[in-house]
Structures are given as structure tokens and as C-alpha cells.
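Enquirer:
In this note's numbering, the protein residues as written are 21 to 605.
And the structure:
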């Protein structure tokens with residue numbers, strides 16, 4: 021019988037547990053592998069222009085009115101829906117704090133009406149919901165519509181594209197594919213390997229009109245975007261939701277939603293899930309294969325003449341010295357790559373965003389001043405200060421998140437290259453050892469269980485205090501029309517200083533995290549080489565020590581080692597069968 025993703029995941033979790041208790045399987049990242057399987061998520065990001073029905077579509081997948089919908093551009097904050105035993109809404113703010121809110125209060129945080137221009141400084145909202153659709157780890161991510169008058173919404177939508185395992189791009193039959201949608205789609209392609217195109221509101225058209233509309237959309241996507249053979253599905257999210265809410269199978273069938281749901285589930289769970297199973301299997305196979313080699317070396321040192329083993333051990337130590345030279349080269353190259361990311365990516369991006377923020381806020385500041393210049397100097401200063409802090413903070417918040425993803429991906433690409441080089445060095449060391457001691461060794465490619473960590477916060481309080489004191493000293497005894505001009509000039513200077521200072525703080529934060537990530541990566545990856553060298557040397561030396569205790573001790577240990585080898589080969593065979601059950605690569 022063909023095994024499902026969940027069957028294979030459960031089997032692999034059991035094999036990880038079995039591996040973790042085998043004595044010779046030292047340095048096994050079993051906890052990391054288990055975590056990778058258990059916490060794996062399939063991110064389905066729903067994107068498109070405003071008012072294409074994205075939120076209704078997500079509600080139709082869940083079969084419930086979870087997310088708020090309306091006739092005007094509504095969603096302003098990314099909303100993540102994942103599985104949970106009961107409905108639970110958690111709001112995360114840009115300063116890192118979180119807050120649980122009643123489900124009925126959701127519109128107050130995720131809509132433009134309840135949270136205009138994100139004045140509440142919300143980073144994202146996570147909803148846990150007991151839906152069968154989500155139980156296998158699927159996460160639905162509802163993004164704000166792009167192309168509306170709310171630029172903030174467009175920026176937020178772009179921010180989530182790199183996190184997608186698959187993207188659903190919603191188009192509407194009542195409007196031809198626009199230039200803005202084509203441009204956005206070109207950007208989506210850069211981040212998402214798999215895009216499903218949904219032509220929503222199919223219920224608006226007759227069957228013949230729908231065929232014509234689909235053909236036009238398909239041709240436009242192929243010709244204007246260069247996306248060959250797009251997967252395009254006509255759906256009616258409205259009929260799909262109503263059909264599920266009313267239990268009306270005929271209406272649900274008319275929505276065409278079930279056909280798309282089946283295809284989407286097959287991709288997310290079976291295709292993406294099987295890739296995960298193969299990845300974790302390869303990691304575990306590599307661990308077992310190295311344990312087999314160490315155990316075979318121990319057995320060989322118990323069986324071979326002492327002089328021969330000692331001679332080969334000296335040859336291995338010479339090889340170890342060569343490897344140390346490679347490690348020093350890796351450290352120098354890795355440091356250079358981190359500096360290159362700063363010079364070629366971070367610094368130019370910061371200069372660009374400073375220019376953009378200045379060009380945007382200086383005219384807005386002048387307009388805001390004109391609207392509020394009738395206020396007293398003290399109130400005017402505080403009003404302008406609040407405007408500056410909120411505006412600069414929000415602008416840099418969006419930039420920081422996008423840059424965080426960009427820098428992380430850049431460093432992870434560097435890390436991937438070094439991981440391949442380090443694994444090549446380790447494989448060379450393992451093959452050399454196997455050939456030196458005449459032992460068969462099978463290598464398995466495996467991904468490193470490593471990723472760059474993030475951490476950031478803003479600091480405005482000290483600057484605010486300084487401005488308040490300065491403002492009081494300058495304006496307390498002057499006529500309003502004079503003092504307000506001074507306030508305007510002082511606060512404009514403050515605006516420019518804020519833009520510069522926050523840029524410097526962001527730069528320092530990124531450089532600091534790059535440095536910490538580089539050192540952590542260096543410690544973990546070069547540590548793998550040290551562990552490999554140590555494991556091989558210790559295996560041979562243990563055999564020599566047993567030999568020196570006497571023949572009887574050595575023979576007894578030899579029996580135990582053979583039993584250990586049998587356990588390892590059985591484990592290896594089980595893991596291989598699990599991997600093969602995922603089908604051809």
C-alpha cells in the first residue's frame with residue numbers, strides 16, 4: 021500500500037528515536053531532525069491586487085467566516101492562519117511584544133479602518149483555528165492587496181513573498197489582467213517556485229465567456245510575464261464559502277473549489293512533504309553511515325596487526341594536518357564574504373532608503389506643519405515629534421523586515437556554498453580513512469541544520485527627551501508666530517537626524533548579527549570537521565587500548581562491536597526504505 025506523507029513522517033520520527041539510543045551514533049543531531057519534521061510548515065501565501073477576493077478565498081478554504089471582508093480595500097496587515105485546538109488570536113507588534121485578543125476584535129488590528137496606516141504598529145497576526153485543512157502543517161497567509169491607495173499594504177505584501185512554499189495569485193474575471201498585476205507577478209516569480217493562478221468570481225460569467233476569459237489570462241501570463249504553462253483555475257470563492265457554510269454540495273461543486281483544493285493539497289503535502297522526508301532521511305543516513313565507518317574502524321583495529329594499525333594511524337594524523345590548513349582558509353574566506361555583503365548590499369540599500377525617506381517625509385512634514393501651526397509651541401512641538409517618530413519608525417520597520425530577509429538569504433547562500441565545501445572536506449577525510457583501513461564507505465549528501473537568527477529593536481526615547489528640553493528653552497518666551505517657526509526649523513532638523521541615526525542603528529544591528537551568525541556558523545561547521553577527525557582517531561585508539569588489555573578482552577569486545585554493526589546496518593536499511601517510499605526524485 022502506498023504510504024502517505026504522515027505515514028512516512030511517523031516512521032522517520034520512530035527511526036530518529038531508534039538512532040538516538042544507539043551507542044555508536046555519537047554527535048547525532050537527532051533533536052534537530054525531529055524538530056525539523058514536527059515543526060515543518062507549508063506556507064501558502066495568497067497575493068494579488070486589492071479587491072480580488074483573497075480573504076474570501078481563504079475563508080472558503082477553511083469553510084468559515086474567520087477573516088473580515090468588505091467592499092473597500094480592507095486587509096492592511098499580514099494574517100497567518102495555522103492549526104490549533106481552538107480559535108486563538110495573537111497579535112505581534114514591531115517592538116516584539118505580543119498580545120492575545122478576542123476573535124471579534126480582529127478587525128481592529130488587521131483592517132485599514134480599524135488600524136489606519138498601521139498606527140498600532142502591528143507586525144503580524146496569527147490565528148489558530150481547528151480546521152482539518154490545516155492539521156498537516158499548512159499555514160495560510162493572507163496579505164494586503166497591492167496597488168491600492170495604501171502604499172503600506174503593498175510593501176507588506178512584498179515582504180512575505182520569500183517565505184512562501186507556494187503562492188496563490190488571485191485574478192478576477194471582472195477585470196482584465198492589468199499592467200500593475202503583470203509587474204507584481206514578475207516580482208512574485210523571483211521568490212516563489214510554484215505559483216497557482218486563480219481566476220476568481222467565475223460565477224459572474226457564462227461558460228463560454230469563462231473559457232474566453234481564461235484563454236486571455238493564460239496568454240497574457242505567458243507572453244507578458246514569460247511564465248510558461250501556468251496552472252490556472254477558475255473558481256468562485258463566494259460560492260465555495262457559501263457551499264461549505266450551508267452544506268450545499270451542488271453550490272460547492274459549481275464553485276470549482278474542490279478541484280483546486282485537491283491539486284493544492286497534493287502539491288503541499290505530497291510533493292513538498294516528500295522533499296522534506298528525503299532531506300531528513302539523507303541527514304540521518306549520513307549520521308548512520310559515519311557511525312558504521314567508525315565502528316568498522318574499531319573492529320579493524322581489534323583484528324589487524326598492531327604495527328599495521330599504528331602505522332595507519334600516523335598516516336591519518338598527517339592527513340589531519342592538511343585539513344587544519346583548509347579550516348584556516350575557510351575562516352578567512354567566510355569573513356571576507358560577510359564584509360562583501362555589508363559593502364555591496366547593506367550599505368547601498370541604506371543610502372537608498374535614507375534618500376527615499378527624506379524625499380517622502382520632507383514635503384509631508386511641511387504639509388503637516390501647515391495643518392497644525394495654529395497650535396501653541398509646546399503642543400506643536402509634541403505633535404510634530406509624534407508625526408516624525410511614527411513616520412520614520414514605520415518606514416524603517418518596512419525596510420528592516422525586507423532587508424532582514426534579503427541579508428539572511430544572501431548569507432545563507434554563502435553558508436550553503438561553505439557547507440558544500442566543508443562536506444567535501446569531511447567526505448574526503450572519511451574516504452581517505454576508509455581506503456587507508458580497507459573499509460567500504462557510502463556517503464550521503466545532507467543539508468546543514470543551520471539558519472541565520474534575527475533580533476532588532478528601535479531606540480527613540482533619548483532623542484525625544486533632548487528635543488523636548490531644547491524646544492522648551494527656545495520657545496517659552498517668544499511670540500507664537502516666531503516660536504513656531506523655530507519649532508518648525510528645529511523639528512525639521514530633528515527629522516533629518518532621526519533618519520540618519522536610525523540608519524546607523526540599523527547598520528550596526530545588521531553588522532552585529534552578521535558577525536554573530538558568521539562566528540556561530542564557523543563554530544558549528546568547522547566543528548563538524550573536528551568531530552569527524554576526533555571520532556575516527558578515537559575509534560582506532562579504542563581498539564588499540566582493548567588489544568593491550570589482552571587477547572581475551574579484545575575478542576569479547578569484537579563480538580560486541582559486530583552486534584553494534586548489525587544494529588547499524590538494520591537501521592540504515594529501514595531509513596533507505598523510508599526514503600525510497602517517497603518515490604523517484
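Glycine residues also receive a C-beta, built at the ideal position from the N, C-alpha and C atoms. Quick caveat, the model's predicted, so the values are computed rather than measured.
Helix, strand or coil for residue 229? Go by DSSP, reduced to three states.
Expert: Three-state DSSP puts residue 229 in a helix.
Enquirer: Can you list the alpha helix (DSSP H) stretches of 4 or more residues lying completely in the stretch 209-289, in chain order?
Expert: Listed in chain order, the complete alpha helix (DSSP H) runs (minimum 4 residues) inside the stretch 209-289 are 227-240, 257-266, 269-274, 277-285.
Enquirer: Decide if the stretch 321-333 is in contact with the stretch 377-391; the criterion is three or more beta carbon pairs, one per stretch, under 8 Å apart.
Expert: Result no; under three Cβ-Cβ pairs closer than 8 Å.
Enquirer: Starting from residue 401, follow the beta strand (DSSP E) in both directions and report where the run begins and ends.
Expert: Residue 401 -> not in any beta strand (DSSP E); alpha helix (DSSP H) instead, spanning 397-456.
Enquirer: Quickly, what does DSSP pair residue 113 with across the bridge? List them, please.
Expert: Answer is 142.
Enquirer: Are there 16 or more other CB atoms within 10 angstroms of the CB of residue 210, so buried, or fewer, so exposed?
Expert: When all chains shown are included, residue 210 counts as exposed.
Enquirer: Less than 8 Å between the C-beta atoms of residue 101 and residue 82, yes or no?
Expert: In this structure, residue 82 lies closer than 8 Å to residue 101 by Cβ.
Enquirer: Can you tell me the Cβ-Cβ gap for residue 244 and residue 312, rounded? I've got them flagged as a contact below 8 Å.
Expert: Wrong, their Cβ atoms sit about 55 Å apart, outside the cutoff.
Enquirer: Might you give, ordered along the chain, the residues of its own chain that have their beta carbon closer than 8 Å to the beta carbon of residue 268, omitting 5 neighbours on each side?
Expert: Correct list, in chain order: 262.
Enquirer: With 16 as the cutoff for other CB atoms within 10 Å, does residue 246 come out buried or exposed?
Expert: Answer is exposed; the Cβ neighbour count stays below 16.
Enquirer: Which of the three DSSP states is assigned to residue 207 in this structure?
Expert: It is helical.
Enquirer: With distances taken between CB atoms, is the gap from residue 404 to residue 518 smaller than 8 Å?
Expert: No, they are not a contact pair.
Enquirer: Look at the Cβ atom of residue 109, then the Cβ atom of residue 162, and state whether they are nearer than 8 Å.
Expert: It is not a contact, given that the beta carbons lie outside the stated cut-off.
Enquirer: Can you give me the C-alpha to C-alpha distance between residue 192 and residue 241, rounded to a whole angstrom?
Expert: Approximately 14 Å, taken between the alpha carbons.
Enquirer: Using only the alpha-carbon positions, how far apart do residue 23 and residue 590 sit?
Expert: Computed Cα separation, rounded: 20 Å.
Enquirer: For residue 161, write down the residues that DSSP places opposite it in a beta bridge.
Expert: 65, 100, per the DSSP bridge assignment.
Enquirer: Please determine, among 297, 107, 190, the residue with the shortest C-alpha to C-alpha distance to residue 27.
Expert: Of the candidates 297, 107, 190, the one whose C-alpha sits nearest the C-alpha of residue 27 is 297.
Enquirer: In this structure, does DSSP put residue 119 in helix, strand or coil?
Expert: Three-state result, residue 119: strand.
Enquirer: In chain order, what residues of the same chain have a beta carbon less than 7 Å from the beta carbon of residue 50, not counting five sequence neighbours either side?
Expert: Taken in chain order, the residues that qualify are 36, 39, 40.
Enquirer: Kindly indicate which three-state DSSP category residue 148 falls into: helix, strand or coil?
Expert: Residue state, collapsed to three classes: strand.
Enquirer: Since residue 123 contacts residue 111 with CB under 8 Å, what's their CB separation in whole angstroms?
Expert: About 12 Å separates the two Cβ atoms, so there is no contact after all.
Enquirer: What distance in whole Å lies between the Cβ atoms of residue 350 and residue 546, which are believed to be in contact at a cut-off of 8 Å?
Expert: With a Cβ gap of about 7 Å, residue 546 and residue 350 count as contacting.
Enquirer: Whole angstroms are fine: how far does the CA of residue 524 sit from the CA of residue 541?
Expert: Straight-line Cα distance between these residues: approximately 25 Å.
Enquirer: With DSSP as the reference, label residue 506 as helix, strand or coil.
Expert: It is helical.
Enquirer: Could you please give me the residues that DSSP links to residue 44 through a beta bridge?
Expert: Beta-bridge pairing links residue 44 to no other residue.
Enquirer: Buried or exposed: residue 91, going by 16 or more other Cβ atoms within 10 Å of its Cβ?
Expert: Below a pLDDT of 50, predicted positions are generally treated as unreliable, and residue 91, at 39, falls in that range; the measurement from the model is reported next regardless. It counts as exposed.
Enquirer: Pick from 544, 534, 301: whose alpha carbon is nearest that of residue 360?
Expert: With distances taken between Cα atoms, residue 360 lies closest to 534.
Enquirer: Quick check: what's the CA-CA separation for residue 138 versus residue 220?
Expert: C-alpha separation (whole angstroms): 28 Å.
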